[in-house]
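Notes follow the structure.
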Amino acid sequence: MKKHILYIALVLSIFCSSAFAGRTWFYNEITPPQGNPPIVPGNTAIGMRSDNTWPVVGYAGPTDGAAAMLPGVWVPTTFNFTGQYLDGATAPDGTVAFADNAGQVVMLGKTGWGSGSYNGSAQYRSSIAFNNNSVPAVLHRATGSNYLTLSMKSGSAWYGSTIQEYPGGPGINTDAFALDFDSYNQANVAFSEGPTLRFASKGILTGNQWILSSQQDAPLIGTGQIDMALTNNDVPYVLYNDNSSLKYATYDRHTDSWITGILDTLTGGLPINFCVAADDTGGVGIAYVTQFAGQYTLSFAYNNGSGWMLPERLTTADTTRMVGLAFDYENNPVISFVDYTGKMEIAYDPMMIPEPATMAIFALGFALIRRR
Amino acid sequence: MNRISRVYLLCVLSFCGVCFADDSFTVNVVSYGTSNSATIAVDINNSPVIVSHTADYEGISIITQTQAGYEANGVPDTNGGSWPRLKFTSNNELSLVYLKNLNYDDMSYELWYGSKGSWFDWTFSGIEGPPPPYFTLLRPDMDLTSNDIPHVVYYRSGGSQGSGIFHAFFDVHSGQWIKEKLIGFGSGTFSNLSIDIDPDSKIMVSASNTQGVKAAVYSDGFWNYLPSLEAGSNKISSGSFTADSLPAVAFERSGQLIYAVYINDIIGWVETVVASVVTPSSPYSIALAHSSTNVPAIVYVDNRSLMYATNVASGWTTTMIDEVVSGEGAKPYLIFDHNDKPLMVYDGYDEYADMHTLNIAGIGLEGFNIADLNNDKIVNFSDFAVLAEYWIDDTCCAPNWCKRTDFDHSGSVDMLDLATFARYWLESI
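Written out as structure tokens, the structure reads:
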């Protein structure tokens with residue numbers, strides 16, 4: 001009997017350990033209701049409304065800009081973005097918002113869709129996030145400016161504060177900044193200045209002033225696109241592409257230093273598109289398109305807080321389109337992307353199942369128990 | 373302020389509360405000529421919203437109360453619709469389940485789901501059907517999980533899985549409705565289907581058939597079928613979770629209205645007698661709900677009286693709400709609003725006009741007289757002038773219905789409407 005219990009405990013522990021788990025991905029094409037014009041795909045971003053259950057996908061289409069899933073049907077809005085690059089975010093109250101690179105924001109909340117402008121001038125790629133009170137904030141940079149602006153919505157207006165470049169330094173790179181809020185409701189910004197990663201925080205612990213990380217200790221991350229998410233225990237994960245690999249940088253509080261590592265080797269040229277998001281368990285995931293086995297492939301990598309799992313290869317995808325990533329209420333990843341045939345889809349992972357090798361161990365164990 | 377002063381002030385305030393608290397029901401006639409299984413929900417602003425279908429199966433209507441009275445708006449593409457059930461999602465979107473029968477000569481119903489928010493038009497998805505000729509779909513009920521996943525129960529007769537109760541929910545992962553037969557209920561004809569979902573997504577389904585009242589609870593991935601309860605010959609019942617998530621049912625047995633709560637698998641059902649009743653002849657006349665403070669409330673028909681029973685610390689108390697038509701049941705549907713006030717819709721009957729009515733009743737409900745056409749709180753010649761303006765107008769339609777003078781929504785203002793108007797002559801609110 002003790003062996004039975006031991007075996008069951010082993011099985012349960014393996015089932016519960018995401019380190020041994022694989023995923024089963026579902027694909028759901030984003031098509032409009034019957035009789036409506038087809039959705040023309042563009043760059044995508046994703047958020048999960050209503051307690052992180054119902055996906056809402058933003059896309060830079062020519063006539064519409066976002067579609068919400070309802071039972072049995074995707075419903076597009078008539079709002080269309082002027083900009084081509086999108087970022088998405090989900091608020092604690094279930095609101096979903098998207099920001100483009102032309103100063104526009106569209107949100108789906110309890111009163112329906114709303115749109116507005118966080119800044120009227122042309123922008124580089126912006127980054128949107130909600131604070132813990134479900135207030136939207138957009139980090140952006142106007143063309144020709146040498147500083148970042150964090151715009152937060154208050155009532156019907158947006159109010160900004162700026163992060164200046166390092167005096168006499170190489171300057172903040174375009175499209176290379178990202179925003180997220182921590183558990184203290186502070187704004188945290190990652191950006192690259194020259195080849196260096198910089199990190200800024202503003203909130204209750206900084207006296208409501210921007211505090212920037214030191215340049216001496218910062219890792220070199222190149223000048224390309226970055227994205228960032230904070231885990232639920234405030235560990236930042238900055239993803240960046242240094243033209244040879246997809247890499248990450250995370251801050252280790254024990255050693256007070258940044259740690260970097262390679263997440264995936266990129267072959268067959270660039271660009272790639274990637275999106276990073278955190279779940280409620282301390283984990284962080286990244287969805288990206290890269291070349292694998294000679295084909296552009298949607299991939300997903302996950303770090304449960306103790307290390308990265310091997311990237312999963314999902315399906316062929318359009319490498320020129322941005323992907324979106326969010327986690328649902330059960331902390332399963334949901335990815336928006338454009339597939340290789342030009343169809344816009346979401347990839348959904350509703351369950352984790354053990355890999356075949358692990359299943360074989362279960363079977364062996366079960367057989368041994370039965371023999372006794 | 374010293375302690376005695378505070379106690380005195382509290383006593384005075386509570387005495388005022390006793391004096392001025394109005395716990396009586398207000399009854400409003402919503403429309404004439406409309407009947408059959410209307411249901412009610414409250415939106416994010418605590419405003420009641422009724423869903424009903426017209427007696428001639430022209431479609432489903434959403435009815436809201438405006439300053440000018442009750443306004444009905446048809447849900448598009450619901451011709452042949454019946455048995456509607458309505459809920460609001462956490463995003464204040466309408467969530468609707470209904471049956472659709474496009475061939476009035478047989479029972480080939482389809483089961484549909486519709487939703488609408490302020491930001492998009494109605495969208496629909498088929499849950500089941502159209503069924504083959506050898507089975508039919510009946511009596512759906514619907515509830516939402518806290519994350520707005522719709523769950524539906526319905527009775528299906530015939531088919532490869534046999535007759536019985538089926539459960540369907542929308543799976544956001546696959547984008548499809550997942551359906552299963554609740555095999556523990558067994559086969560046979562069931563009525564009075566109820567579904568209730570608690571904040572932890574625990575699901576309760578109850579129904580009754582010739583073997584009594586049955587209930588099942590879904591939790592942790594499994595359906596737990598509870599022991600059957602012996603019921604009276606009419607097998608009427610209604611089920612709902614208590615506020616602390618215990619399954620509860622109300623049903624009739626041998627001339628008594630019974631309320632039963634399932635405590636656990638060891639103790640089982642614990643029953644209390646709510647009231648003695650004259651056995652109703654219709655199987656659709658009990659509705660059970662619980663307030664957020666765990667007060668159970670039951671609406672039922674006793675002979676020709678629509679009664680409200682509730683249990684506070686002193687035990688069950690009953691209140692008569694309205695007279696209803698004998699023999700056909702009132703088909704009440706009961707909820708508690710966001711302020712924990714009971715609110716119900718039911719089929720009423722205007723004996724004077726000899727017409728069915730759709731009625732709403734609730735504590736704290738704003739009074740409204742359907743014949744007060746100019747909203748001055750009294751039915752007099754000013755209202756008659758409005759009626760005269762539309763006399764024999766045959767172009768009346770939703771939502772205005774000729775400034776509400778077409779009381780029975782027949783499309784024209786005629787003698788029946790005049791008879792209805794006369795019924796309320798000189799009445800004031």
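Here the protein sequences come in this chain order: A and B. The opening residue of the first sequence carries number 1 in our numbering; numbering runs sequentially from there. The opening residue of the second sequence carries number 373 in our numbering; numbering runs sequentially from there. The beta carbon of each residue, even a glycine, is placed where N, CA and C say it ideally should be.
Taking C-beta separations shorter than 7 Å and ignoring five residues to either side along the sequence, the partners of A:Gly-120 in its chain run Gly-103, following chain order.
Nearest to B:Ser-480 by alpha-carbon distance, out of B:Lys-472, B:Ser-454, B:Ser-487, is B:Lys-472. Taken through DSSP and simplified to helix, strand or coil, B:Ile-801 comes out as coil.
It is roughly 14 Å from the alpha-carbon of A:Asp-51 to the alpha-carbon of A:Phe-130.
A:Arg-253 counts as exposed, since fewer than 16 other C-beta atoms from the protein chains shown sit within 10 angstroms of its C-beta. Straight across, the Cα-Cα distance linking B:Thr-644 with B:Ala-579 is about 19 Å. Straight across, the Cα-Cα distance linking B:Pro-522 with B:Phe-541 is about 6 Å. In terms of Cβ geometry, B:Asp-709 and B:Gly-734 form a close pair [threshold 9 Å]. The three-state reading of DSSP puts B:Arg-776 in coil, since its state is none of H, G, I, E or B. Contacts with chain B at 9 Å (Cβ-Cβ) include A:Asn-52. For B:Asp-520, the chain A residues whose Cβ falls inside 8 Å of its Cβ are Ser-50, Asp-51, Thr-53, Trp-54, in order along the chain.
For A:Val-235, DSSP records no beta bridge to any residue. Bounds of any beta strand (DSSP E) do not take in B:Ser-754; it lies within the alpha helix (DSSP H) bounded by 753-761. Think of a sphere of 8 Å around the beta carbon of A:Val-106: no beta carbon from chain B falls inside it, the nearest being about 11 Å out.
In this structure, B:Ser-518 sits away from B:Ser-467, with a CB-CB distance that is not shorter than 9 Å. Phe-542, Asp-543, Val-544, His-545, Ser-546, Gly-547, Gln-548, Trp-549: these are the residues of the segment 540-572 of chain B whose beta carbon lies less than 9 Å from some beta carbon of chain A, given in chain order. Under the DSSP definition of a beta bridge, A:Ile-204 lacks any partner. 9 Å or more divides the Cβ of A:Asp-180 from the Cβ of A:Arg-125. At least one CB atom of chain B sits nearer than 9 Å to the CB of A:Leu-70.
In this structure the segment 762-774 of chain B does not lie against the segment 710-728 of chain B, because fewer than three pairs of beta carbons, one per stretch, are closer than 8 Å.
Interface residue (Cβ-Cβ distance to chain B less than 9 Å): A:Pro-350 is classified as such. Annotated as distal: B:Leu-629 and B:Val-642, with beta-carbon spacing of 9 Å or more. With fewer than 16 other beta carbons inside 10 angstroms of its own, B:Lys-749 counts as exposed. Under the Cβ distance rule, B:Phe-492 counts among the residues neighbouring chain A, one pair being separated by less than 9 Å. In the DSSP assignment, B:Arg-795 falls within the unbroken alpha helix (DSSP H) covering 787-795. At a cut-off of 9 Å between C-beta atoms, B:Ile-416 counts as an interface residue with respect to chain A. The distance from the Cβ of B:Val-525 to that of B:Phe-538 is about 7 Å, consistent with a contact at the 8 Å cut-off. For A:Lys-343, no Cβ of chain B is located within less than 9 Å of the residue's own Cβ. The Cβ-Cβ distance between B:Ile-435 and B:Ile-416 does not fall below 9 Å. Between A:Val-105 and A:Pro-136, the CB-CB gap stays under 9 Å. Around the beta-carbon of A:Ile-272, 16 or more other beta-carbon atoms lie within 10 Å, marking it buried. In the structure shown, the three-state DSSP call for A:Asn-52 is helix.
B:Gly-556 carries a helical assignment under DSSP once its states are collapsed to helix, strand and coil.
Of the candidates A:Ala-278, A:Thr-265, A:Tyr-147, A:Ser-115, A:Thr-265 places its Cα closest to the Cα of A:Ala-293. In the structure shown, B:Tyr-672 adopts extended strand secondary structure according to DSSP, grouped into three states.
If the five residues before and after A:Ala-317 are omitted, its C-beta is found closer than 8 Å to the C-beta atoms of Val-289, Tyr-296, Thr-297, Leu-298, Val-323, Phe-337, Val-338, Asp-339, Tyr-340, all from its own chain and listed in chain order.
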